[in-house]
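*Asks:* So that we are looking at the same thing, I have put the structure below in structure tokens.
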Amino acid sequence: MSTSTGPKRELLRHAVATLAYRGGKALRGAPSEFSDFHAGPTTRTPGQILAHIGDLLDWALSIAKGKQQWQNSKPLPWNQQVDRFFAALKVFDTCLASTEDLHAAPEKLFQGPIADALTHVGQLTMLRRLADAPIRGESYFVAEIAVGHVGPDQAAPKREFD
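For the sequence shown, this note's numbering gives the first residue as 4, with consecutive numbering after it.
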């Protein structure tokens, strides 16, 4: 469906790298009990949210490969779930970096699974504050985010604030 290269695909890869950067910040240094934190009786725990983000990334890959499939995963232990997040980002980014055609428009992949995952990273950030384990705000405009850099070792923040 989609061409194998082009500016839209590169912008989608930048969005995936942004997800890695912001997600990494929300996950880094979280206390072990954070995974099971309940903000209220009807809210998901951070562990459930992170499992859902992993499912979103797996879904994005399945769409891109033309074999759309959804799964609802049970949360893994926190560190394994964090590893799953970064592994899923890497596999999806590798797919986007290849010359294989995508079976969905980059815009659709962004507006569905990637935008949803970014929303959930924001939830994790908010839950960190509620769990008394906040992260510092940051000017993401000046952050060092690079296409293809989707692993857990992200650049240090350039401009944080309280």
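Positions of the beta carbon are idealized from the N, C-alpha and C atoms, including for glycine.
1) From K28 to A107, what distance separates their C-alpha atoms?
2) Considering only their Cβ atoms, is the gap separating P78 from S38 smaller than 9 Å?
3) Could you say if the region 62 to 79 and the region 144 to 162 meet the contact criterion of at least three C-beta pairs nearer than 8 Å?
4) Have a look at G32 and A159 and give me their C-alpha separation to the nearest angstrom.
5) So L22 and L105 are supposed to be a Cβ contact under 8 Å. How far apart are they, rounded?
6) Using DSSP with H/G/I as helix, E/B as strand and the rest coil, what is G140?
7) If you compare alpha carbons, which of M129, D135, W73 and L112 is closest to P34?
*Replies:* Result, derived from the coordinates:
1) Note on geometry: alpha-carbon atoms of K28 and A107 lie some 29 Å from one another.
2) Their beta carbons are under 9 Å apart, which means S38 touches P78 by this criterion.
3) The count of Cβ pairs closer than 8 Å, one atom from the region 62 to 79 and one from the region 144 to 162, stays below three, leaving the stretches out of contact.
4) G32 and A159 have their C-alpha atoms spaced approximately 14 Å apart.
5) Not really, about 17 Å apart at Cβ, beyond 8 Å.
6) DSSP, read as helix, strand or coil, puts G140 in strand.
7) Per the Cα distances, D135.
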